[in-house]
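Residue numbers (this note's numbering), protein chains in the order written: chain A, 13 to 248; chain B, 13 to 248.
Every residue gets a Cβ at the ideal spot worked out from N, C-alpha and C, and that includes glycine.
Pasting the structure below:
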């Protein structure tokens, strides 16, 4: 039975971290809300299941429903060889993913510093201030953290954890993709100080399944409804 | 060997979710940064370990270091009977904790909507706008979600998961404590629509170990350096 992924059908958003893991795993899945009537199915499920997710994305595997992208990846990573098998390694991988999730939230808040209920245009002045701190302080701090982890990996600096690909490598690829879309100038600058992160991003982009996925219509282009938005006034 | 908890010594903050679990479990632990020279030890560890946490809190258990409060609770919950033993129940509990972590971030951002690098006084105008959305929309939405989970728990509405206390009950207690401190008017209003949440909060407060802890000097009082801050202008 294929996995069922439930997420907003017009954006990469937080669902993309799950899609990348499913694609790399070669897993059989349905992106439900992108099917005909799928969005209505998603909304109905959120309202009626015993374990309601607070928000998409959520994954259905048989009778199990899992919300929160990091929890979904914890689940999928163990099933598809995308995480270490030992508990300590699995938890370390998950800890990195949780920090990536924090980074994603901060990236989102650059264009929505006042709140999700308002349009960008109604919080643009606040966004200009928040984006400045994000560019000058937060992007370098997070990328430096990933760079440090890569440098300290005893199995080498090709992966964040161990000697093979894990789901956090895919998620770091996606973060760099999103930052490069939304903040091309600031990201280019920050990556010169994080060469291992840049190399990992390039290596993931070349993986056959990831490359095929990114070239396919399954990969939704970045746009100004998602988490990473190209508002040139927020970059510098 | 006691656990070592590392967190900022003058605030409850995200460390408090871990402290509550350790206290309820009756676990032996050292709150390292509150000991003499402990803060320097914490800063040194963050810089030098193979698995550096991005930020406090982190927990040291023998040779294992775990960052991210939700990951620490995932680890402790399984060891101290504060989470279901079955994998699906454990993951559902963790999913709730991750949503609590999102809620905590939003509560923090009410007074820091522009960024963590600036003082509250330098982002007060933005904070007034963000707090309004948080009070009117986000607090009710999150509390309603917890209320729904309690109502749908097949084992009864005394706990979020199953028929016994888990770490997410403790964390929900802490969220209500913090909200009631920072936004007393808005929280009182919201809790009238979430009576099960209010009952759970009261029941956790009466647990002997939690009551003893909250009455002890180990419980740092809320203050205006933490996540939940009482700025009367942000409440209504």
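Report buried or exposed for residue i, applying the criterion of at least 16 other Cβ atoms within 10 angstroms of its Cβ.
i	result
residue 40 (chain A)	exposed
residue 14 (chain A)	exposed
residue 69 (chain A)	buried
residue 150 (chain B)	buried
residue 190 (chain B)	buried
residue 131 (chain A)	exposed
residue 105 (chain B)	buried
residue 54 (chain A)	buried
residue 178 (chain A)	buried
residue 206 (chain B)	buried
residue 199 (chain A)	buried
residue 174 (chain A)	buried
residue 202 (chain B)	buried
residue 59 (chain A)	exposed
residue 111 (chain A)	buried
residue 65 (chain B)	buried
residue 31 (chain B)	buried
residue 128 (chain B)	exposed
residue 168 (chain B)	exposed
residue 43 (chain B)	buried
residue 56 (chain B)	exposed
residue 36 (chain A)	buried
residue 52 (chain A)	exposed
residue 147 (chain A)	buried
residue 91 (chain A)	exposed
residue 26 (chain B)	buried
Ends of the beta strand (DSSP E) at residue i?
i	result
residue 79 (chain A)	76–79
What are the boundary residues of the alpha helix (DSSP H) that residue i is part of?
i	result
residue 94 (chain B)	Neither: residue 94 (chain B) is in no alpha helix (DSSP H) and is coded neither H nor E.
residue 177 (chain A)	No alpha helix (DSSP H) holds residue 177 (chain A); DSSP gives it neither H nor E.
residue 23 (chain A)	Where residue 23 (chain A) is concerned, there is no enclosing alpha helix (DSSP H), given that its DSSP letter is neither H nor E.
residue 211 (chain A)	207–217
residue 223 (chain B)	220–226
residue 59 (chain A)	50–60
According to DSSP, what are the bridge partners of residue i?
i	result
residue 43 (chain A)	A:17
residue 73 (chain A)	A:76
Can you round the beta-carbon distance between residue i and residue j to whole angstroms, since I take them to be within the 8 Å contact cut?
i	j	result
residue 180 (chain A)	residue 80 (chain A)	About 15 Å; that fails the 8 Å criterion.
residue 172 (chain B)	residue 182 (chain B)	The pair is not a contact, with the Cβ atoms about 10 Å apart (cut-off 8 Å).
residue 123 (chain A)	residue 241 (chain A)	5 Å
residue 78 (chain B)	residue 84 (chain B)	5 Å
residue 137 (chain B)	residue 197 (chain B)	Not really, about 21 Å apart at Cβ, beyond 8 Å.
residue 82 (chain B)	residue 89 (chain B)	Between residue 89 (chain B) and residue 82 (chain B) the Cβ distance is about 10 Å, and since that is not below 8 Å, they are no contact.
residue 72 (chain A)	residue 159 (chain A)	Not a contact, Cβ separation roughly 36 Å.
residue 142 (chain A)	residue 121 (chain A)	6 Å
residue 186 (chain B)	residue 28 (chain B)	6 Å
residue 194 (chain B)	residue 119 (chain B)	7 Å
residue 155 (chain B)	residue 209 (chain B)	6 Å
residue 62 (chain B)	residue 164 (chain A)	5 Å
residue 126 (chain B)	residue 145 (chain A)	7 Å
residue 221 (chain B)	residue 38 (chain B)	6 Å
residue 217 (chain A)	residue 223 (chain A)	7 Å
residue 24 (chain B)	residue 238 (chain B)	5 Å
residue 87 (chain B)	residue 103 (chain A)	6 Å
Segments assigned beta strand (DSSP E), at least 3 residues, entirely inside the segment 129–201 of chain A
none
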